[in-house]
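The letter at position 54 of the sequence shown is residue 54 when you use the UniProt record's numbering, and the numbering goes up by one with no holes.
C-beta: ideal position from N, C-alpha, C; glycine also.
Report on the following structure.
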Amino acid sequence: MATLAPPAVEVEPEADAMALASEAAAPELPSSHSQLDFFKTRVQLLCESNTRDFDAWVSLINAAEGTSADDIEVMSLVYHNFLLEFPLCYGYWIKYAAHKARLCTTRYVMDVYEQAVHAVPHSVDIWVNYCEFGICAFEEPAHVRR
């Protein structure tokens, strides 16, 4: 797989990251492959800008959900990188797990919840959602407890 090349536009480290993320909603992309490449570029630009601009990341998440909600690669890319920057945002862990539950197997959902409870161990909301998922996914109480 080829490495990601940044676009031909120069971006200064202090550039407004919100502008980078808001561009994500602009184009209509023909295939999921080009959507993935597009979002890889946007994530890379946000990471390289070294700004912890929460609003820019949320705009990127909204753009991904608006254009690629059924593409787990895009959703995973955006959520994973967002949560590396903002691991205490428990609501986004829950949303990420919901996307995984909709598009992946139980194991992948469990992995997200495991990462979430390690990142935010005192979040009651994460634990409640994790337990509810376990109860729905596994019929045997012994399996839920594992």
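By alpha-carbon distance to F133, the top candidate from H122, A63, E114 is E114.
For A63, the closest alpha carbon among the candidates E48, K40, V109 is that of K40. A straight-line Cα-Cα distance of about 14 Å links I135 and I126. Residues T106 of the same chain have their beta carbon placed closer than 7 Å to that of A137, with the five preceding and five following residues left out of the count. Membership of H99 in the alpha helix (DSSP H) is indicated by the continuous run 90-103. Along the segment 28-82, the alpha helix (DSSP H) occurs as fully enclosed runs of 4 or more residues at 32-48, 54-68, listed in sequence order.
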